[in-house]
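Presented below is the structure to which this report refers.
In this note's numbering, the protein residues as written are 106 to 441.
Right, dumping it as structure tokens:
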């Protein structure tokens, strides 16, 4: 989260008619934008695993209104998938059909308003922690240990080091599939453990986060402590997607994985990290299929050893290599 991982796919079902607009290539069906659209853009370049196939179309909106106008004019049968910095994300080798939206420069602004920080959904979690520290606002230090963006943090109620987004969120803004802009209080989002009950078709565009007055030196010390813990316990310099599985109630995923004998387990060039076994890593040249297969093997071994079913925390999107063109799935922490 992570960007974990920001993650959200918008499915707007429509019949697959023969001929007509639906038969046109996607490039001919997309509305005009102020941002940038790239066709066939390889997504392995934007994910931390460094694996995955192409996006049929990759859209980087110029800002909230550009995104809203695009969605309002986009044909309803075109699937839309949203990604952030690719930190808690596995893109399958066959790529992603439809439009992949990546929130970039138009969504990274941050400002301090009293004891609150207003941040765009594309702002890095660590940068939000930094601006809060400089303003003498405590309570947001935990964000310095979460690799991802605010949008992804909202979608999964990201948390670490004793805190989560639900603890500090005041309100959020989002755009729905029809292009309508929403601003809602935190209580309306149904935030739970690594989950938000917001409509699946919402694309988060920003958040207002609550801090509290604190000593900048003490805040910095806590952030340094968090970073040191992360460096010591996680494979931060490896090609990884972050925490792979959610912690089951009353247990820790990494302990279950370790007890099942999975530390260091490999399939192809994908490996369970020796440093933290709830992390899968690409040791060099792995495919998304190998990483996903390794995750499923870990789930099977944990199930056999403990009877506990691990749930994916890493978001898996797209289609396997060789899949039927047009087919795409988004499995955001669902049981496979």
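Idealized CB from N, CA, C, for every residue including glycine.
Predicted model only: the values in this text are computed from it and were never measured.
What residue does the beta strand (DSSP E) around residue i start on, and which one ends it?
i: residue 238; result: Premise fails: residue 238 lies in the alpha helix (DSSP H), 230-239, not in any beta strand (DSSP E).
i: residue 212; result: Taken as a continuous stretch (DSSP letters only), residue 212 belongs to no beta strand (DSSP E), as it is neither H nor E.
i: residue 299; result: Segment: none, residue 299 is in no beta strand (DSSP E) and carries neither H nor E.
i: residue 331; result: Careful: residue 331 lies outside any beta strand (DSSP E), inside the alpha helix (DSSP H) at 321-338.
i: residue 352; result: Neither: residue 352 is in no beta strand (DSSP E) and is coded neither H nor E.
i: residue 378; result: Residue 378 -> no beta strand (DSSP E), and no H or E assigned at all.
i: residue 145; result: 141-147
i: residue 164; result: 159-165
i: residue 130; result: Per DSSP, residue 130 belongs to no beta strand (DSSP E) and is neither H nor E.
i: residue 151; result: No beta strand (DSSP E) holds residue 151; DSSP gives it neither H nor E.
i: residue 425; result: Premise fails: residue 425 is in no beta strand (DSSP E) and is neither H nor E.
On the premise that residue j lies in contact with residue i, defined as a C-beta separation below 8 angstroms, what is that separation, rounded to the nearest angstrom?
i: residue 251; j: residue 281; result: Contact flag wrong, Cβ pair sits at about 26 angstroms.
i: residue 140; j: residue 165; result: 5 angstroms
i: residue 426; j: residue 157; result: At roughly 10 angstroms, the Cβ-Cβ gap does not stay under 8 angstroms, so residue 426 and residue 157 are not in contact.
i: residue 193; j: residue 420; result: 6 angstroms
i: residue 191; j: residue 213; result: Contact flag wrong, Cβ pair sits at about 15 angstroms.
i: residue 242; j: residue 159; result: 41 angstroms between Cβ atoms; not a contact.
i: residue 256; j: residue 189; result: 6 angstroms
i: residue 176; j: residue 283; result: 7 angstroms
i: residue 310; j: residue 278; result: 5 angstroms
i: residue 393; j: residue 196; result: 6 angstroms
Tell me, please, which residues DSSP counts as bridged to residue i.
i: residue 265; result: 268
i: residue 444; result: Because residue 444 is not part of the residues shown, which for the chain are 106 to 441, the question remains open.
i: residue 345; result: 386
i: residue 417; result: 350
i: residue 250; result: For residue 250, which the question treats as bridged, DSSP gives no partner whatsoever.
i: residue 198; result: The partner list for residue 198 (beta bridge, DSSP) is empty, contrary to what the question assumes.
i: residue 318; result: 242
i: residue 218; result: 221
i: residue 372; result: 375
i: residue 286; result: 280
Counting along the chain, where does the alpha helix (DSSP H) carrying residue i start and finish?
i: residue 515; result: Examination of residue 515 is not possible in this model, given that the chain is present from 106 through 441 alone.
i: residue 169; result: 169-178
i: residue 364; result: 358-364
At a threshold of 7 angstroms, does residue i count as lining the ligand ATP (C-beta to nearest heavy atom)?
i: residue 229; result: The ligand ATP is not part of the structure shown, which contains no ligands of any sort.
What's the C-alpha gap between residue i and residue j?
i: residue 364; j: residue 136; result: 52 angstroms
i: residue 210; j: residue 415; result: 36 angstroms
i: residue 406; j: residue 396; result: 15 angstroms
i: residue 276; j: residue 314; result: 7 angstroms
i: residue 333; j: residue 327; result: 10 angstroms
i: residue 344; j: residue 132; result: 32 angstroms
i: residue 376; j: residue 170; result: 42 angstroms
i: residue 126; j: residue 208; result: Low local confidence applies: a pLDDT of 49 at residue 126 is under 50, so the model's placement there is unreliable, with the coordinate-based value given in what follows. If I take the Cα positions, the gap works out to 27 angstroms.
i: residue 222; j: residue 271; result: 15 angstroms
i: residue 417; j: residue 274; result: 25 angstroms
i: residue 413; j: residue 142; result: 43 angstroms
i: residue 128; j: residue 187; result: Since pLDDT at residue 128 reaches only 48, below the 50 mark, its modelled position is unreliable, and the value read off the structure follows with that caveat. Going from the Cα of residue 128 to the Cα of residue 187 covers about 24 angstroms.
i: residue 306; j: residue 285; result: 11 angstroms
i: residue 352; j: residue 298; result: 9 angstroms
i: residue 504; j: residue 339; result: Missing from the structure shown is residue 504; the chain here goes from 106 to 441 and no further.
i: residue 304; j: residue 179; result: 19 angstroms
i: residue 173; j: residue 224; result: 18 angstroms
i: residue 341; j: residue 287; result: 36 angstroms
i: residue 325; j: residue 217; result: 17 angstroms
i: residue 109; j: residue 296; result: Bear in mind that the predicted position of residue 109 carries a pLDDT of just 41, short of 50, making it unreliable; the figure below should be weighed with that in mind. Roughly 16 angstroms separates the two Cα atoms.
i: residue 384; j: residue 369; result: 10 angstroms
i: residue 134; j: residue 185; result: 13 angstroms
i: residue 149; j: residue 346; result: 12 angstroms
i: residue 388; j: residue 424; result: 22 angstroms
i: residue 438; j: residue 422; result: Bear in mind that a pLDDT of 47 at residue 438, under 50, signals an unreliable position, so the number given afterwards is only what the model happens to contain. Roughly 11 angstroms between the two C-alpha positions.
i: residue 400; j: residue 260; result: 22 angstroms
i: residue 238; j: residue 130; result: 48 angstroms
i: residue 411; j: residue 323; result: 42 angstroms
Give me the residue from the options with the minimum Cα distance to residue i.
i: residue 391; options: 319, 410, 371; result: 371
i: residue 268; options: 292, 279, 331; result: 331
i: residue 359; options: 248, 258, 398, 404; result: 404
i: residue 381; options: 311, 163, 146, 361; result: 361
i: residue 465; options: 206, 240, 232; result: What is shown of the chain runs 106 to 441, which leaves residue 465 out entirely.
i: residue 168; options: 153, 337, 181, 138; result: 138
i: residue 409; options: 378, 366, 373; result: 366
i: residue 162; options: 201, 258, 335, 154; result: 201
Spell out whether any CB of chain D is found under 8 angstroms from the CB atom of residue i.
i: residue 164; result: Of the protein chains in this structure there is only one, and it is not chain D.
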